[in-house]
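Asker:
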Amino acid sequence: MKSNNLNIFHWINLFIFCSFGFDKIRCAHTEYEDLGFYPQKEHSLMKPYQGTGMTIPNWDILGHTIVSNSFIRITPDQQSKHGGLWNKFPITFPYWETHIEFKISGHGKDLFGDGMAIWYVRHPMQLGKVFGSADFFWGLGLFLDTYANQNGAHSHSHPYISAMVNNATMGYDHDRDGTHTELAGCEAKLRTSEHDTYLAIRYHNDTLSVMTDVDGSGQWTECFVAPGVFLPTGLYLGVTAATGDLSDNHDIISIKTYRLETPIEIMSKLDQRAMIIPHAISSAHPRDHIKDDRSLMTGISWLRFIVYLILGLIFVIILGLVGYIFYQKRQEVSRKRFY
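Numbering-wise, the sequence shown is residues -27 to -1, 1 to 312 according to mature numbering (1 follows the signal peptide of the UniProt record, and there is no 0).
(1) Would you please state the rounded distance, in angstroms, between the beta carbons of Ser78 and Asn222? I believe it to be under 8 angstroms.
(2) Once the 5 residues before and after Phe197 are set aside, which same chain residues still bring their CB inside 7 angstroms of it?
(3) For Lys162, collect the residues of the same chain with a Cβ closer than 6 angstroms to its Cβ; drop the 5 residues on either side in sequence, then sort them by chain order.
(4) Could you check if Asp244 is buried or exposed, using at least 16 other CB atoms within 10 Å of its CB as the buried criterion?
(5) Could you say which of Arg46, Ile283, Lys14, His131 lies nearest to Thr71 if we only look at CA atoms?
(6) Give me the Cβ distance between Phe62 and His16, rounded to the nearest whole Å; I'm assuming they're in contact under 8 angstroms.
(7) So Gly36 packs on Gly56, CB below 8 angstroms; how close in whole Å?
(8) Where does His96 fall in DSSP's three states?
(9) Does Ala1 come out as helix, strand or coil in the three-state DSSP assignment?
(10) How about residue 313 and Thr194: are their beta carbons less than 8 angstroms apart?
(11) Which of the three DSSP states, helix, strand or coil, is assigned to Pro22?
(12) Please report the distance separating the alpha-carbon of Asn178 from that of Gln23.
(13) So, are the CB atoms of Ala141 and Gly114 less than 8 angstroms apart?
(14) Are there 16 or more other CB atoms within 10 angstroms of the CB of Ile34, so buried, or fewer, so exposed?
(15) I'd like the list of long-range same chain contacts for Trp69, defined as Cβ closer than 7 angstroms, with 5 residues on each side in sequence excluded.
(16) In the DSSP assignment, the alpha helix (DSSP H) including Asp33 goes from what residue to what residue?
(17) What are the residues that DSSP puts in a beta bridge with Pro112?
(18) Should residue 313 be labelled buried (16 or more other beta-carbon atoms within 10 Å of its own) or exposed?
(19) Just to confirm, is the Cβ distance from Ile283 to Leu18 under 8 angstroms?
(20) Can you tell me whether Gly296 is helix, strand or coil according to DSSP?
(21) Kindly list the residues whose CB is nearer than 7 angstroms to the CB of Phe104, restricted to its own chain and excluding five residues on each side of it in sequence; keep chain order.
(22) In or out: Lys54 buried (at least 16 other Cβ within 10 Å) or exposed?
(23) Just reading off the alpha helix (DSSP H) that Gly243 is part of, what are its end residues?
(24) According to DSSP, is Val103 helix, strand or coil?
(25) So, with DSSP's three-state summary, where would you put Leu181?
This is the structure in structure tokens:
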């Protein structure tokens, strides 16, 4: 009877929230949501971002991150920027789901980067080379990579979403787009200037699921489902981003986190869950690092080559014109002397 009452209460609550527009993300994607979702305000972020100056309740910012009335810009569309947004409180419940509303946009048409990352890790607020955060992390990293560095047989279209579970023993290989340590991933057209995009991360029953809504349809599309993923409690949620030679705006609009209903036998062993060493049963098969064939130029290399070629041709043409004019002047002087 108690379970039925909880179910009825859940649907009444969901109806009220949907009817009055309090929770648009959940209401737009209800077919992927089960009963037993409990909103966690301390792990969520919504407009208006109330605070004083650049501060946000329950969240810390670092790097080049700025707070506006409409979004939190992790990086501006400028070269060599990095920033982060981190939850102040660790997640203490075993199973959870987070919905992130974001936007990646910029002036670049064909070349842009580098991307952003969503974290569930032990040590927050650390700047580093992995999309703005520290390498050799402890926990989960979900990477939204918008620029392809990998040119070999394991390359794929970008933007690309990939997950990595780490116990601080592995480094993320940026030059290979993390393909050596990838748990799972999918291609997704995350970058847009027309509408906001959504990402859902669900960790339930030791299974990691990622879903996207990148076309504004209000429907979730499965990116991947990875069973056999073991993550401890007590880690921190965060979002970071970075730009290099290429750049983009990386904006966060909202973050909504839910505690998922957890079996009693799991709840009775919370102390043991906190001691879990992050690991996954399956991941990308280990392989040697093979250098890319440098005869296969990247987009940025081709662009530089074409620019240098055009500049070289212009220089040769100008030099030729100067030489021709000088030659004509010499000829005129010679003719005048002859006559």
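Each residue gets a CB set at the ideal place from its N, CA and C atoms; glycine is no exception.
Every value quoted in this text rests on a predicted model; they were computed, and no experiment measured them.
Answerer: The short version:
(1) 5 angstroms
(2) Ala157, Gly158, Cys159, Val183
(3) Val187
(4) exposed
(5) Lys14
(6) 7 angstroms
(7) 4 angstroms
(8) coil
(9) Only weak support is given to the placement of Ala1: the predicted model assigns it a pLDDT of 49, under 50, and the question is left unresolved by the model.
(10) As displayed, the chain neither begins before -27 nor continues past 312, which places residue 313 out of reach and without an answer.
(11) The amino acid at residue 22 is misidentified as Pro; the sequence shows Tyr. Three-state result, Tyr22: coil.
(12) 35 angstroms
(13) no
(14) buried
(15) Tyr176, Thr230, Tyr231, Arg232, Leu233
(16) Not the alpha helix (DSSP H): Asp33 falls in the beta strand (DSSP E), residues 32 to 36.
(17) According to the sequence shown, residue 112 is Gly rather than Pro. DSSP, once it has assigned bridges, lists Val94, Asn139 as partnering Gly112.
(18) Residue 313 lies beyond the range of the chain shown here (-27 to 312); nothing can be said about it.
(19) no
(20) helix
(21) Asp87, Gly88, Met89, Ala90, Phe116, Thr213, Ala214, Ala215
(22) buried
(23) Checking the displayed sequence, the identity of residue 243 turns out to be Leu instead of Gly. Start and end: 243 to 247.
(24) strand
(25) strand
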